[in-house]
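Since the structure comes first, as structure tokens, the remarks are kept for the end.
Residue numbers (my numbering): 109 to 490.
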């Protein structure tokens with residue numbers, strides 16, 4: 109597990125470095141946004157005709173008007189008009205969104221700089237305001253001549269003249285209201301966003317750490333490290349418990365804790381022979397076979413042999429050593445196979461389990477060892 113954590117951290121660091129370098133040259137887009145309140149204009153022709161309802165009063169009508177304007181402002185025609193206003197060759201599309209199904213819409217644009225973004229949004233707002241005025245002016249060019257014709261035909265009738273003047277004033281008032289575009293928020297640049305290289309560091313770290321962890325897990329699984337305990341427990345004649353901590357003090361600093369451990373391991377070893385020879389063999393050089401041999405030797409020293417019996421502890425080294433011969437194995441009355449958890453692989457363990465060859469009557473016991481994680485060794489906790 110410690111290797112997995114360290115590997116994931118190293119992968120995250122490497123990925124963060126690569127991601128940061130990859131994104132350092134990416135331009136950071138800045139977004140400017142303006143808020144507009146759209147109002148469904150009155151039908152000036154109806155007002156000129158004396159209609160009392162000068163503005164629509166139903167929510168559906170306003171909603172449809174806003175949706176239509178949003179669609180227009182988001183279209184290609186308006187984008188080309190904005191491009192012409194900014195003297196650009198390609199259409200400039202601004203992002204227009206209706207806020208919470210209300211009459212308020214947001215107009216935004218993302219550019220390489222705050223000034224560019226604000227300038228583009230302001231151009232779009234100004235252009236839309238001009239178009240609103242043009243719509244009203246076009247309607248007024250139809251209405252005003254008609255009112256003038258009515259005045260010429262009214263003759264000397266003062267009452268008729270006053271009515272026509274009231275209509276003219278009402279039309280002018282509604283026209284002025286329709287011309288005005290209510291800007292609730294001028295083009296404003298949003299708060300400082302995340303720098304591209306920072307996003308690259310975070311993204312690279314996540315990808316690198318994940319890939320490293322997955323790779324180590326796959327390698328760990330293929331190597332058989334994860335199945336070590338199961339393979340040994342299923343094929344050994346027994347397991348000496350508890351597992352041995354390889355981070356214990358040096359031999360001359362052992363305390364009662366190590367003495368109890370040694371006695372427990374030795375007590376589980378099979379007995380019965382007058383001359384016992386316990387052969388200790390490590391699955392690998394880092395399994396800790398020498399530490400287990402020292403513990404068993406201490407237990408032998410502290411528990412004198414019964415009359416007529418002797419016990420000898422033999423450190424047989426590591427599986428595959430030239431000194432570990434079949435003759436040496438045949439002299440043993442008990443073989444103790446030492447395997448380090450989360451380190452040794454199942455392939456070497458299987459070779460150790462077959463060390464007895466044809467001498468299957470020799471008991472083969474197993475001892476598991478381990479090393480504490482670096483931080484637990486540092487703080488003295490498990």
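We put the CB at the ideal spot given by N, CA and C, even for glycine.
Option nearest residue i by Cα separation, candidates the options
i           : options            : result
residue 431 : 252, 394, 390      : 390
residue 479 : 239, 354, 276, 250 : 354
residue 212 : 290, 253, 194, 278 : 290
residue 206 : 231, 225, 177, 198 : 177
residue 335 : 144, 458, 465      : 458
residue 222 : 140, 307, 241, 412 : 140
residue 120 : 229, 267, 296, 318 : 318
residue 366 : 397, 404, 337      : 404
residue 434 : 455, 465, 409, 411 : 465
residue 192 : 235, 172, 174, 182 : 235
residue 443 : 456, 314, 346      : 346
residue 339 : 267, 454, 358      : 454
residue 197 : 406, 171, 188      : 188
residue 210 : 201, 203, 174      : 174
Span separating the alpha-carbon of residue i from that of residue j
i           : j           : result
residue 180 : residue 186 : 7 Å
residue 399 : residue 384 : 20 Å
residue 422 : residue 475 : 15 Å
residue 190 : residue 142 : 15 Å
residue 460 : residue 445 : 7 Å
residue 352 : residue 129 : 46 Å
residue 374 : residue 417 : 15 Å
residue 164 : residue 227 : Unreliable positioning characterises residue 164 in this predicted model, as indicated by a pLDDT of 49, which lies under 50. The coordinate reading is nonetheless provided below. Cα to Cα, residue 164 sits roughly 34 Å from residue 227.
residue 126 : residue 448 : 36 Å
residue 294 : residue 233 : 9 Å
residue 441 : residue 469 : 9 Å
residue 387 : residue 356 : 22 Å
residue 239 : residue 269 : 33 Å
residue 215 : residue 145 : 11 Å
residue 429 : residue 350 : 27 Å
residue 308 : residue 246 : 53 Å
residue 452 : residue 117 : 23 Å
residue 159 : residue 278 : Because residue 159 sits at a pLDDT of 49, beneath the cut-off of 50, its placement in the model cannot be relied upon, and the point is left open.
residue 392 : residue 424 : 12 Å
residue 473 : residue 320 : 36 Å
residue 251 : residue 242 : 14 Å
residue 283 : residue 248 : 8 Å
residue 395 : residue 337 : 13 Å
Endpoints, the beta strand (DSSP E) within which residue i is located
i           : result
residue 206 : 203-206
residue 295 : 290-297
residue 431 : From DSSP, residue 431 is part of no beta strand (DSSP E); its letter is neither H nor E.
According to DSSP, residues forming a beta bridge with residue i
i           : result
residue 473 : 346, 444
residue 142 : 215
residue 421 : 386
residue 426 : 390
residue 352 : 477
First through last residue of the alpha helix (DSSP H) which encompasses residue i
i           : result
residue 186 : 184-193
residue 364 : 364-376
residue 457 : 454-461
residue 400 : 397-410
Runs of alpha helix (DSSP H) lying entirely within the stretch 216-287, each at least 4 residues, in chain order: Segments of the alpha helix (DSSP H) lying fully in the stretch 216-287: 222-262, 266-287.
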